[in-house]
Amino acid sequence: MALLAELTHRCPLKCPYCSNPLELERASAELSTDDWKRVLSEAAELGVLQVHFSGGEPMARRDLVQLVRHAASVDLYSNLITSGVMLTEAALAELVEAGVDHIQLSFQDAEVESAERLGGLRGAQQKKLDAARFIRAAGLPLTTNFVIHRQNVDRLEQMIALAEQLGSARMEVAHTQYYGWGLLNRDALLPTREQLERSTAVVEAARVRLGASMVIDYVVPDYYAARPKACMSGWGRRFMNISPAGKALPCHAAETLPNLTFPSVREQSLRQIWNSSEAFETFRGTSWMPDPCRTCDLREVDWGGCRCQALALTGDARRADPVCERSPDRHAITAALGSARDNAAWAPRQPRTPA
Ligand code: FES
1 MALLAELTHR CPLKCPYCSN PLELERASAE LSTDDWKRVL SEAAELGVLQ VHFSGGEPMA
61 RRDLVQLVRH AASVDLYSNL ITSGVMLTEA ALAELVEAGV DHIQLSFQDA EVESAERLGG
121 LRGAQQKKLD AARFIRAAGL PLTTNFVIHR QNVDRLEQMI ALAEQLGSAR MEVAHTQYYG
181 WGLLNRDALL PTREQLERST AVVEAARVRL GASMVIDYVV PDYYAARPKA CMSGWGRRFM
241 NISPAGKALP CHAAETLPNL TFPSVREQSL RQIWNSSEAF ETFRGTSWMP DPCRTCDLRE
301 VDWGGCRCQA LALTGDARRA DPVCERSPDR HAITAALGSA RDNAAWAPRQ PRTPA
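Sequential numbering from 1 applies to the sequence shown in the UniProt record's numbering.
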């Protein structure tokens with residue numbers, strides 16, 4: 001089991017594909033250090049092996065080092081998911097001393113101008129390159145992450161070259177998933193079919209060339225797939241997300257689902273939430289499934305796809321994921337693909353009201 005600890009929604013970057021909700025949580029609503037420590041202890045007791053410290057930008061939390069140290073003390077493997085723009089050499093030394101196990105460093109592009117336009121922060125690329133150097137010098141395993149989309153996918157070869165040059169043990173090449181800001185900006189981000197096919201060919205060629213020297217994980221955009229992804233490996237099966245304000249969620253976008261109340265870790269233990277909350281039970285397993293999922297041979301492979309995508313595209317979280325070619329709502333995907341275009345405007349991710 002894995003826990004995604006979304007420590008904060010604060011972030012110096014403004015990436016238009018961010019999967020955070022449009023209504024970003026304010027700093028004043030965030031869980032306290034002691035709450036997070038208790039959550040980490042409860043997670044370890046529940047059988048969680050890995051904690052992913054994420055955000056927003058987790059380094060915006062002043063207590064990150066304390067939380068990493070606490071995770072290490074309860075034997076959780078800790079992964080820091082960061083943009084790197086706040087990762088100075090001194091900050092990294094503190095994290096290493098506290099016991100961080102792994103760092104995933106995100107890049108918006110290989111080309112500086114495009115990267116900084118997408119991230120909305122001048123000077124960010126050099127800070128990321130420095131951060132990668134500090135991580136490698138500290139002897140930590142480095143995963144570089146590139147979210148790709150219509151605006152940057154044509155530079156995938158350069159991104160792979162950059163990941164190699166930085167000494168990544170692993171590179172994630174993830175086509176944008178359409179939640180939160182990514183969904184809002186979908187027309188500007190969805191690649192063309194030609195871009196998708198080319199990016200897949202580039203990854204396949206790089207995998208052959210690189211062998212085991214750098215592993216490439218590749219996430220395709222499910223809008224072009226015939227079958228839905230097993231979102232979160234199935235609702236309430238292996239994954240728990242804690243929002244900055246302490247809501248326990250079966251996925252990062254679950255708060256978009258109406259008529260479901262998500263329990264707070266301020267009020268209930270993770271064990272209670274995992275075992276018996278309505279939020280985790282509602283779409284767990286297969287008994288909730290509508291047709292055509294109910295009788296589908298793949299129902300325990302894809303677990304019905306994504307509930308948040310079904311809601312976003314059909315207005316009903318209980319319907320089959322429209323990505324599935326057997327879904328009666330597949331036309332919603334066809335329409336989305338048809339409205340994507342090169343000159344579509346996009347909105348930078350930022351608080352709608354001052355935090
Ligand atoms: Fe919520 Fe897929 S993102 S179920």
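Cβ coordinates follow ideal geometry from the N, Cα and C atoms, glycine included.
### Query
Looking at C-beta atoms only, is the number of pairs between the region 26 to 37 and the region 253 to 261 that lie closer than 8 Å three or more?
By the criterion of at least three beta-carbon pairs nearer than 8 Å, the region 26 to 37 is not in contact with the region 253 to 261.
### Query
Could you give the distance in angstroms between the alpha-carbon of Ala60 and the alpha-carbon of Gly84?
Residue mapping note: residue 60 aligns to position 60 of the sequence shown, counting from 1. Residue mapping note: residue 84 aligns to position 84 of the sequence shown, counting from 1. Answer to the nearest angstrom: the Cα atoms are 11 Å apart.
### Query
In or out: Leu3 buried (at least 16 other Cβ within 10 Å) or exposed?
What you label residue 3 is simply residue 3 of the sequence shown in a count that begins at 1. Around the beta-carbon of Leu3, 16 or more other beta-carbon atoms lie within 10 Å, marking it buried.
### Query
Would DSSP call Val203 helix, strand or coil?
As a working mapping, residue 203 is identified with position 203 in the sequence shown. Residue state, collapsed to three classes: helix.
### Proximity below 8 Å, CB of Ala98 to CB of Val65
The residue you call residue 98 lines up with position 98 of the sequence shown. The residue you call residue 65 lines up with position 65 of the sequence shown. In this structure, Val65 lies closer than 8 Å to Ala98 by Cβ.
### Task
Consider the C-beta atom of His252 and the heavy atoms of ligand 1; say whether any pair is separated by less than 7 Å.
As a first step, residue 252 is located in the sequence shown; it is residue number 252 there, counting from the start. Within the cutoff, so yes.
### Query
Does at least one heavy atom of ligand 2 sit under 7 Å from the Cβ of Cys18?
Looking for ligand 2 in the displayed structure turns up nothing; the ligands present are ligand 1.
### Task
Out of Val203, Ala5, Ser339 and Cys18, point me to the one whose CA is closest to Thr192's CA.
Translated into positions along the sequence shown, residue 192 becomes position 192. Comparing Cα positions, the closest option is Ser339.
### Task
Assuming Met232 and Pro250 form a contact by the criterion Cβ under 8 Å, report the distance between their Cβ atoms to the nearest whole angstrom.
The residue labelled residue 232 in the question sits at position 232 within the sequence shown. The residue labelled residue 250 in the question sits at position 250 within the sequence shown. Their Cβ separation, rounded to whole angstroms, is 6 Å, which keeps Met232 and Pro250 in contact under 8 Å.
### Message
Just to confirm my understanding: we take Ala150, look at its own chain, exclude 5 residues before and 5 after, and list those with CB closer than 8 Å. What are they?
### Response
As a first step, residue 150 must be located in the sequence shown, where it is residue number 150. Looking at the sequence itself, residue 150 is Arg, so the reference to Ala does not match. Non-local C-beta neighbours of Arg150 in its own chain, meaning closer than 8 Å and more than five positions away in sequence, comprise Ala188, Leu189, Leu190, Pro191, Thr192, Gln195, Ala340 and Asp342, ordered along the chain.
### Query
Mind checking whether the beta-carbon of Tyr178 lies closer than 7 Å to any heavy atom of ligand 1?
For the purposes of this step, residue 178 is taken as residue 178 along the sequence shown, with counting starting at 1. No, the beta carbon of Tyr178 sits no closer than 7 Å to any heavy atom of ligand 1.
### Message
Could you give the first and the last residue of the continuous alpha helix (DSSP H) run that contains Thr143?
### Response
Taking the first residue of the sequence shown as position 1, residue 143 is located at position 143. Annotation for Thr143: no alpha helix (DSSP H) segment contains it, though the beta strand (DSSP E) segment containing it runs Leu142 to Ile148.
### Message
Measuring only from the beta carbon, is Met232 closer than 7 Å to any heavy atom that is part of ligand 1?
### Response
Translated into the one-based positions of the sequence shown, residue 232 becomes position 232. Met232 Cβ: within cutoff of ligand 1.
### alpha helix (DSSP H) segment containing Thr334, residue limits
Taking the first residue of the sequence shown as position 1, residue 334 is located at position 334. His331 to Ser339 is the extent of the alpha helix (DSSP H) around Thr334.
### Message
DSSP three-state label for residue 356, please.
### Response
No information on residue 356 is available, as it lies outside the stretch 1 to 355 that the chain covers here.
### Task
Give a yes or no on whether the C-beta atoms belonging to Ser78 and Val100 are separated by under 8 Å.
The sequence position of residue 78 within the sequence shown is 78, counting from 1. The sequence position of residue 100 within the sequence shown is 100, counting from 1. Closer than 8 Å, so yes.
### Query
Can you give the Cα-Cα distance for Cys296 and Ala226, rounded to whole angstroms?
Here residue 296 refers to the residue found at position 296 of the sequence shown. Here residue 226 refers to the residue found at position 226 of the sequence shown. Looking at the two C-alpha atoms, the distance is approximately 14 Å.
### Arg186 Cβ short of 7 Å to ligand 1 heavy atom set
Position 186 of the sequence shown, counted from the first residue, corresponds to residue 186. Placement of the Cβ of Arg186 at a distance of 7 Å or more from every heavy atom of ligand 1 is found.
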